[in-house]
Amino acid sequence: MSEEIRLNDSKLGTKEYWDEFYKKEIENFNENDEDTGENWFDDSDAERRVIKFFIDLIEADHFGDAKELSILDLGTGNGHFLFELNQEVCDQDVAVSLLNTGIDYSPQSINFAKTIAEKKYSDKSYNFEEVNFISRDCKYLEENAGKFDVIFDKGTLDAIALNNDPVKGFNGKIGVEVYPLQVIKLMKPGSLLIITSCNFTEDELTRVITSSQDRLSVQQKVEYPSFQFGGHKGSAICTIAFVKK
1 MSEEIRLNDS KLGTKEYWDE FYKKEIENFN ENDEDTGENW FDDSDAERRV
51 IKFFIDLIEA DHFGDAKELS ILDLGTGNGH FLFELNQEVC DQDVAVSLLN
101 TGIDYSPQSI NFAKTIAEKK YSDKSYNFEE VNFISRDCKY LEENAGKFDV
151 IFDKGTLDAI ALNNDPVKGF NGKIGVEVYP LQVIKLMKPG SLLIITSCNF
201 TEDELTRVIT SSQDRLSVQQ KVEYPSFQFG GHKGSAICTI AFVKK
C-alpha cells in the first residue's frame, strides 16, 4: 500500500482504548437501559443511508431469489447497526430474512451488544462473537470461510488504520494492508463488502481494498451531501460497496 495514504497512529487504533470505552458504555446502560451508546457517523446520517442502500439492492433483485441473507457486522461495537438494519427490514416488509452476526475484537463490545440484544431485542436472533479477524491464526476465518452474503463495516477499517504496528505473521504488513487479505476469506463469490469511512476519500479507500488483491472491485457508491473547497468537490464521509469476483 502506498505510504501517502498511511494514517497517523492514534489511541483509537488500540484494543485497550475500545475495551475501556465499552466498559464505560456498559456501566451507563446498566444505569439507564435507554442509553444504548454511540450511533457511529450519526451526523452524516450514514446508518440510514447505508440501510436504504442495502434494502434498495434487495428490491432491485441484486441477490436474486434468495430467501435469506447471511449478514456480518464487522466491528459490531454496541450492535446498533444490526438492530436498526433488522428493524428497517421488518418495517419495509422486505421479503428476505437476515441471519445476523456481529464480531469485534473487544470482549467488552461483545458483552455490551449481547446485553442490549437480550434486554431489548429478544424476539430476534443475533450472534455476537469476540474475533480478531486480522490475526494470522484467526480460526474464525477458517470456520466461516465463504459464509457471508454481505459484510458491513462502519468505521472498523478506520480504526485499524490508526495503528501502524506490523501484524505478526504478515511479513511487516500493518493492519490496513492485512484487512482486505483477511476479510475476503469470509465472502462468497458475488457477495458485498460495504465500507463506510471518514478517514479515507473514495479514491484512497478503493486503493486500500484493491491494491493487495484483485478479487474485490467497486460495485457501487452511496451518495452523501458534498461540499466544495479550493476548487475541489468532496464529502466528509464515504461508503463504497465492493463485490467479490
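Residue numbers (the working numbering): 1 to 245.
For glycine and all other residues, C-beta sits at the position ideal for the given N, C-alpha and C.
- For the stretch 51 to 123, the full-length beta strand (DSSP E) segments reaching 3 residues or more read 68 to 74 and 97 to 104 along the chain.
- Taking C-beta separations shorter than 7 Å and ignoring five residues to either side along the sequence, the partners of residue 164 in its chain run 6, 9 and 174, following chain order.
- Residue state for residue 131 is assigned as coil, using DSSP reduced to three classes.
- According to DSSP, residue 239 shares a beta bridge with 196 and 222.
- In terms of Cβ geometry, residue 186 and residue 197 do not form a close pair [threshold 7 Å].
- Per the C-alpha coordinates, the member of 136, 90 and 51 positioned closest to residue 123 is 90.
- Counting other Cβ atoms within 10 Å of its Cβ, residue 47 reaches 16 or more and is therefore classed as buried.
- In the three-state reduction of the DSSP assignment, residue 35 falls in the coil class.
- Using a Cβ distance threshold of 7 Å, residue 99 and residue 68 count as a contacting pair.
- Taking 3 residues as the minimum length, the beta strand (DSSP E) runs contained wholly in the stretch 145 to 186 are 148 to 154, in order along the chain.
- Annotation: the continuous alpha helix (DSSP H) that includes residue 209 extends over 202 to 210.
- Note on geometry: alpha-carbon atoms of residue 34 and residue 14 lie some 28 Å from one another.
- In the structure shown, residue 10 falls within a coil segment according to DSSP collapsed to helix, strand and coil.
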